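Asks: Residue numbers for the sequence shown follow this note's numbering, so the first one is 4 and each next one is one higher.
Backbone N, C-alpha and C fix where the C-beta goes; we use that ideal spot for every residue, glycine too.
These numbers were taken from a predicted model, which means no experiment stands behind them.
Quick one: the structure is below, and I'll ask about it shortly.
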Amino acid sequence: MTIKIYGPAASRAARALWIVHELDIPFEHIAKEMKDLKTPDYLKINPNGKVPALVDGDFKLFESMAINLYLAARFNKNGFLPASLEDQALCNQWSFWGMTEVEKPLLTILIDMFMTAPDKRKPEAVAEAQKALPKPLAVLNGALEGRDYLLGSTFTVADLNLASIMSWAKPIKVDFSQVPNVSAWLDRCLSRPSYKAARGAK
Ligand SMILES: N[C@@H](CCC(=O)N[C@@H](CS)C(=O)NCC(=O)O)C(=O)O
């Protein structure tokens, strides 16, 4: 049965859309409008009333990183989900790290810049978010020293998950001058045809 991915491309559903293109997974995309996320039918799929959500036969799943780690395991090929327990743990590590260390500040700035009326903007919150970024970015820069991807020379689910979060750094023009490894890695990840294909979705 074809898996279903719920959520517009201009949302965190972009992360799931990227992985299905990366792994050539047959899928049905149910874009859903934000206003339709609290209907009883959709709440049966994701009781949080948020996107993305995934349906695979009788199985339902929410949380973008959990969806991608599931898809990587279920449709794995060419070491996209690495074989060893340690390397799989590293994929979890970078996925959780992205959500807890960089997603919030990046999103705070993105929302303020592009989705907030000028009179409602919060420069203090943006300044706080800007201040929170250099430390994790330095950690990521160190982890990428001497390697193309987070786990070495192969693009894995760790890179896709983290780069899907870090992609928000582009429109908000995060200063990467002190973290050149991060800059080169992000460009490498976002230049994949699968990323471009996912961005072309509704
Ligand atoms: N931690 C969740 C966050 C999901 C989330 O907040 N999605 C947003 C769209 S990017 C949403 O559905 N917002 C609608 C709402 O909060 O009502 C994940 O990564 O899947």
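1. With distances taken from CA atoms, which of Ala130, Ala135, Leu189, Lys138 is nearest phenylalanine 158?
2. Tell me whether lysine 53 counts as near ligand 1, meaning its Cβ is closer than 6 Å to at least one heavy atom of that ligand.
3. With the cut-off set at 7 Å, would you say glutamate 106 and isoleucine 175 are in Cβ contact?
4. With 16 as the cutoff for other CB atoms within 10 Å, does glycine 82 come out buried or exposed?
5. So, helix, strand or coil for phenylalanine 99, using DSSP?
6. Which parts of the segment 67–126 are runs of the alpha helix (DSSP H), unbroken and 4 residues or longer, counting only runs that do not cross its ends?
7. Under DSSP, the beta strand (DSSP E) around lysine 7 begins and ends at which residues?
8. Expressed to the nearest angstrom, what Euclidean distance is found between the alpha-carbon atoms of alanine 128 and proline 108?
9. Following the continuous beta strand (DSSP E) through valine 58, name the residue where it begins and the one where it ends.
10. Sort Ala204, Leu153, Val160, Gly203 by Cα distance to alanine 187 and report the nearest one.
11. Where DSSP assigns a beta bridge to glycine 155, which residues make up the other side?
12. Run through DSSP, which three-state label would leucine 64 get?
13. Would the beta-carbon of arginine 206 be found less than 6 Å away from any heavy atom of ligand 1?
14. Residue range of the alpha helix (DSSP H) that isoleucine 168 falls in?
15. Just to confirm my understanding: we take valine 185, look at its own chain, exclude 5 residues before and 5 after, and list those with CB closer than 7 Å. What are they?
Replies: Taking the structure as given:
1. For this step, residue 158 is matched to residue 155 along the sequence shown. When only C-alpha atoms are compared, the closest one is Leu189.
2. The residue labelled residue 53 in the question sits at position 50 within the sequence shown. Answer for lysine 53: yes, Cβ within range of ligand 1.
3. Position 103 of the sequence shown, counting from 1, holds the residue named residue 106. Position 172 of the sequence shown, counting from 1, holds the residue named residue 175. Their beta carbons are not under 7 Å apart, which means glutamate 106 does not touch isoleucine 175 by this criterion.
4. Numbered from its first residue, the sequence shown carries residue 82 at position 79. Looking at its Cβ environment, which holds fewer than 16 other Cβ atoms inside 10 Å, glycine 82 is exposed.
5. Along the sequence shown, one-based indexing puts residue 99 at 96. In this structure, phenylalanine 99 counts as helix in the three-state DSSP scheme.
6. 67–77, 88–100, 106–117
7. Residue 7 sits at position 4 when you count from the first residue of the sequence shown. Looking at the DSSP string, the run of the beta strand (DSSP E) that includes lysine 7 is 6–9.
8. Along the sequence shown, one-based indexing puts residue 128 at 125. Along the sequence shown, one-based indexing puts residue 108 at 105. The alpha-carbon atoms of alanine 128 and proline 108 are separated by roughly 9 Å.
9. In the sequence shown, the residue the question calls residue 58 occupies position 55. Note, valine 58: beta strand (DSSP E), 56–59.
10. Here residue 187 is taken as the residue at index 184 of the sequence shown, counted from 1. Checking every option, the nearest Cα to that of alanine 187 belongs to Leu153.
11. Mapped onto the sequence shown, residue 155 falls at position 152. For glycine 155, which the question treats as bridged, DSSP gives the partners Tyr152.
12. The residue given as residue 64 occupies position 61 in the sequence shown. Strand.
13. The chain is shown only over 4 to 205; residue 206 falls outside these bounds and no answer can be derived.
14. Numbered from its first residue, the sequence shown carries residue 168 at position 165. Note, isoleucine 168: alpha helix (DSSP H), 160–169.
15. Looking up residue 185 in the sequence shown gives position 182. These residues qualify, in order along the chain: Leu140, Leu143, Asn144, Leu147, Phe179.
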